[in-house]
Each structure stands twice: as structure tokens, then as C-alpha cells.
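S.K.: I have a structure here, written as C-alpha cells, and I will follow up with some questions on it.
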Amino acid sequence: MQSHYQNISHPNILIPHCSFTVDKNLWVVMPFVAKAWTEPCLASVLREIMNALLYLHGQGYVHGDIKPMNVLIGQNDRIFLADFAYSASIFERRPPASSANIGCEYWVPPEKAKSAMSDIWSFGISTLELAHGRPPVFCLPKSKTLIKNLSKRVKLFPDMKKNFS
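Residue numbers for the sequence shown follow numbering that gives the first Met the number 0, beginning at 0 and rising by one.
Laid out in C-alpha cells, this is it:
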């Protein structure tokens with residue numbers, strides 16, 4: 000995992016201290032980020048995450064797991080994009096992503112994690128979740144969400160009334 004970070008240096012990307020495995024489970028030790036974030040800073044947070052994604056993609060990497068839980072706020076309100084467990088270089092050959100290694104179901108794009116566009120899809124789903132308090136197809140079980148996302152178009156927020164802001 001550390002090889003992904005050798006050429007990565009951006010103020011909005013959180014680099015882990017270290018990683019290790021125990022009984023075939025990967026553990027990643029991240030720096031502590033003290034603050035939580037609120038809705039009024041949504042536009043600013045999204046802008047910073049998009050800046051981090053533009054940088055990451057420009058360096059030839061796909062994050063692979065963009066979701067609100069991987070957005071952290073540190074001292075001086077610095078925004079961090081964290082958790083690169085699913086990241087990959089777009090220049091490396093690798094086997095096709097399977098449902099076991101493509102991030103979390105609600106944020107998985109229809110084409111799986113094939114390119115930087117996958118991060119953009121997940122960024123959009125995360126934006127909707129931050130604005131509405133839940134992922135768009137939260138009413139469905141995660142397994143059905145994954146199947147629907149990977150097989151056909153889904154109606155976002157199928158159970159939500161149209162009177163939201």
C-alpha cells in the first residue's frame with residue numbers, strides 16, 4: 000500500500016502512518032483528525048474533495064472508495080480524502096474489479112471501479128447523501144443496491160417525495 004503514496008503529496012489527501020495485516024485482515028493506521036463537519040460547509044467540503052480528486056487523477060490514481068465516511072476535517076478546517084484501501088494506479092494492469100474489492104455498495108458506479116469516472120460517480124452519490132442524509136437507494140438492501148447499480152439504471156431516491164430542498 001505504501002507504494003501508492005510515494006509520489007502523492009496534496010493538502011487534501013490524508014496519508015496513513017502505516018498498515019499491517021493480522022490473520023489476513025488489513026489494518027491501516029490513519030492520523031487522528033479531530034473535527035466533524037456540518038451541512039453549512041458542504042459546498043466548501045465538496046470543492047476541496049474535488050480538488051483532491053483532480054490531483055489524484057492527474058497523478059494517475061483512482062481512489063476507488065469515495066464516500067462521506069472517507070472525508071475528514073482536521074485542524075484549521077482542512078479537508079482530507081482518506082482510506083486508499085481500494086486505490087489503484089490507472090497505469091497498472093490488474094484483474095477486473097469484483098464486488099469484493101470495489102468499495103461499498105451504495106457508492107459503487109454502474110461500471111465498477113474501472114477509471115477516474117468511477118470516483119466521479121461515487122462523488123456524486125456522496126454529494127446526494129450529504130444533501131439528503133442518506134445514500135439515494137438506501138431503502139434497498141445493500142445486495143440489491145449493488146445488483147441494480149451494476150445492471151441497469153436506478154431511480155434515485157425512489158421513496159422520497161418531491162418536496163425536498
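Glycine included, each C-beta is placed from N, C-alpha and C at the ideal position.
#1: Leaving out five residues on either side along the sequence, give the residues of the same chain with a beta carbon under 6 Å from the beta carbon of Tyr-54.
#2: Identify the residues that DSSP records as bridge partners of Thr-126: which are they?
#3: Taking Val-32 as part of the beta strand (DSSP E), name the residues at either end of that continuous run.
#4: Whole angstroms is fine: what's the gap from His-62's alpha carbon to Met-68's?
#5: When the Cα of Gln-58 is compared with those of Tyr-4, Val-44, Val-70 and Pro-134, which residue comes out closest?
#6: When you compare each of Ile-14, Asn-6 and Ile-7 to Ala-81 by their alpha carbons, which one comes out closest?
#7: Taking DSSP's pairing of strands, which residues face Ser-18 in a bridge?
M.R.: Reading off the structure:
#1: His-9
#2: Bridge partners of Thr-126: none, in fact.
#3: Counting along the chain, Val-32 sits inside no beta strand (DSSP E), nor does DSSP assign it H or E at all.
#4: For His-62 and Met-68, the distance between alpha carbons rounds to 14 Å.
#5: Tyr-4
#6: Ile-14
#7: The partner list for Ser-18 (beta bridge, DSSP) reads Val-27.
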